Structures are given as structure tokens and as C-alpha cells.
Amino acid sequence: MRILQLTDTHLYGDPASRHYDRIDTAAALRALLARVRGMEGVDVVVHTGDASDDGSVASYRLLHEILDPFAASLGAPLVVTMGNHDVPSAYAEVAGPGDHGGPWQDRVHALPRGGRVIVLDSSVPGAGYGHVDPEQLEWLREVLAAPADGGATEGPTVLAIHHPPLVGATPLLRGLDLDGLDALADVLAGSDVRAILSGHYHHPMTGSIAGIPVLVGPGITNVVDPLAPGGVERAGARSGAQLVEIDAPGAPGVRATSAEWASGGDTLEDPERPVYEFGPDVVAQILDAAGR
2 MRILQLTDTH LYGDPASRHY DRIDTAAALR ALLARVRGME GVDVVVHTGD ASDDGSVASY
62 RLLHEILDPF AASLGAPLVV TMGNHDVPSA YAEVAGPGDH GGPWQDRVHA LPRGGRVIVL
122 DSSVPGAGYG HVDPEQLEWL REVLAAPADG GATEGPTVLA IHHPPLVGAT PLLRGLDLDG
182 LDALADVLAG SDVRAILSGH YHHPMTGSIA GIPVLVGPGI TNVVDPLAPG GVERAGARSG
242 AQLVEIDAPG APGVRATSAE WASGGDTLED PERPVYEFGP DVVAQILDAA GR
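Every number in this note's numbering is 1 more than the matching position in the sequence shown, counting from 1.
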């Protein structure tokens with residue numbers, strides 16, 4: 002299975018809005034897609050959350066206006082995950098309700114060439130951190146009770162969740178991580194999930210939970226520098242995408258290959274100037290407003 006992973010587009014309903022008063026996020030997305038257009042053998046395009054920045058219905062219409070024809074040009078279905086900036090009820094006006102009760106955009110997408118992508122909504126209204134409700138976990142357990150397509154030989158199961166089930170690399174990201182990792186690991190243990198795709202961190206990262214690889218993709222609206230020194234949180238005017246490849250059953254290989262380019266939506270056209278650079282005091286304020 003070949004998956005094109007896109008994440009953190011942060012689109013707006015108002016075309017004049019700019020991320021951090023600088024990034025035209027729709028232009029950044031379109032420029033990124035131009036870079037990867039024509040990719041061959043893609044089975045599914047997975048957007049791992051923060052599709053919108055303002056949570057508006059108009060932003061989700063724009064998302065599908067841009068991504069639906071792109072995915073169709075690759076001959077691949079599109080899967081969209083909710084992130085902390087997203088509003089599931091607004092997205093439901095565009096894509097319909099999730100697969101079970103409650104406010105969540107949890108879904109199972111069976112893929113035309115075998116396998117499935119399970120989308121788990123980790124958004125928390127008004128917060129930056131992630132959470133999965135016990136009702137969602139019970140739904141996930143029931144879904145995973147039967148392998149994809151009735152048998153592992155038909156294709157892998159992939160889980161898409163915006164907040165990575167990992168520990169973040171920076172103080173800000175750690176304060177906005179996913180909680181309840183032990184409960185999620187208990188549901189995933191022994192299942193046919195071969196890979197977990199996430200966004201949120203805006204930089205590539207790998208890890209694992211319950212022995213399953215977790216693959217985090219770079220952001221499209223900006224790319225975070227996780228190695229910035231001195232407690233500084235910094236993001237550059239760059240856009241990235243990730244190709245995830247999962248070998249056939251019996252071959253354990255799962256690979257993620259990412260690439261980044263200067264943002265096509267940077268109104269300053271200055272890739273050396275950070276989109277933002279926060280010191281510890283500003284990080285503390287952000288966490289006080291959006292953290293636990």
C-alpha cells in the first residue's frame with residue numbers, strides 16, 4: 002500500500018486570512034500539490050488533521066474543492082481526519098456524520114484495492130491537546146475485532162489520528178499531546194493495524210505504540226524546527242508531504258519518506274525568516290490557554 006500523507010493545511014473560509022498574518026494557506030496547499038502531482042501508484046490520500054484553522058464550513062468546502070480533484074487525478078480516495086483546530090460539527094455539514102453516535106468524525110474507509118483506513122477524531126473543543134473518549138475506544142475495539150476486508154491477505158489496516166500517540170519533542174508539543182495512551186495501546190494490541198499516521202507536530206517524527214509504527218508528517222502551512230535551542234519554539238515558512246509504504250502481509254516493512262519545500266503561500270517570500278519564534282513565556286501562555 003502506498004499512502005500520500007498530507008497534514009496541517011489550516012485553511013480559512015475568508016480568502017484574505019493569513020496564518021500568523023503571513024501564510025496564504027490555500028496557496029501553500031496548491032503549491033505543495035503541484036510538487037507531488039502525477040505521483041504513481043497511490044492507493045489513498047490521507048489528510049491527518051487541522052484541515053481548517055477557523056473551523057468554518059467554508060474552509061471545509063475549500064478543502065474538498067482543492068483536494069477532491071487532486072486525489073481523483075491520482076486515482077485514489079481522499080480521507081480526512083479532524084485536528085485540534087477543526088470543528089467536527091462544521092465538517093459534518095460538508096462530509097456528513099461520523100460512523101457512530103456522538104459528535105466525532107470517526108470513520109472506516111474501505112479502500113478499492115484492499116485494506117482500510119480508520120479515522121479516529123482526537124479533537125477537544127477549545128483545546129490544543131488530544132483526547133479519545135471511552136465510547137470512541139469501544140467503537141475502535143469493535144471495528145478492529147474483524148480484520149480488514151475479512152482477512153489480512155486483502156490489505157492492511159491503517160489508523161489516522163491527528164494527535165500522535167507519542168511524546169512530543171518540544172515543551173509546547175508535549176503540553177498539547179494526546180492523553181490516554183495506555184488505554185489506546187490496550188485497544189490496538191494484537192490488532193491488524195500496520196501503521197498509525199498523525200500530524201499536529203508539523204515536523205516528521207517516528208515512534209511506536211503497542212508495537213505499531215507511528216509516522217508523523219511535516220506540516221503544509223509551516224514546518225516546525227524541533228531542535229531549536231534554549232526552549233525556543235520555531236517554525237519555518239516551508240511545506241512538506243510524506244509517502245508511506247506498507248509491504249504486503251508477511252513482509253514487515255513500513256517506510257515513511259518525507260520532503261519539504263519553501264512555502265508557496267509565504268507572502269514575505271523569505272524562507273529564512275521564521276513564521277513564528279516563541280520564547281518560554283509565550284509558550285507558557287499558549288499552554289495556559291489551550292493545554293490541560
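By construction, the Cβ of each residue, glycine as well, lies at the ideal position given by its N, Cα and C atoms. Nothing here was measured: the structure is a model prediction, and the numbers come from that model.
Item: Option in V120, G220, A29, S57 with minimal Cα separation from I197; Value: V120
Item: Contact check, A229 vs D271, beta carbons under 8 Å; Value: no
Item: Backbone CA spacing between P166 and H11 [nearest angstrom]; Value: 21 Å
Item: Every unbroken beta strand (DSSP E) inside the segment 153-216 [3 residues or more]; Value: 158-162, 194-199, 206-210
Item: Short Cβ contact (8 Å threshold) for L68 with L75; Value: no
Item: Through-space distance from A17 to T268, alpha-carbon basis; Value: 12 Å
Item: Cα-Cα separation, G241 to D54; Value: 18 Å
Item: Beta strand (DSSP E) runs wholly inside the segment 243-270, at least 3 long, in chain order; Value: 255-263
Item: Contact between the segment 123-140 and the segment 96-110 (3+ Cβ pairs under 8 Å); Value: yes
Item: N-terminal and C-terminal residue of the beta strand (DSSP E) that R108 is part of; Value: 108-111
Item: First through last residue of the alpha helix (DSSP H) which encompasses E66; Value: 58-74
Item: Coarse secondary structure for V284, derived from DSSP in three states; Value: helix
Item: Nearest neighbour of P227, chosen from G191, A190, V168 [CA to CA]; Value: V168
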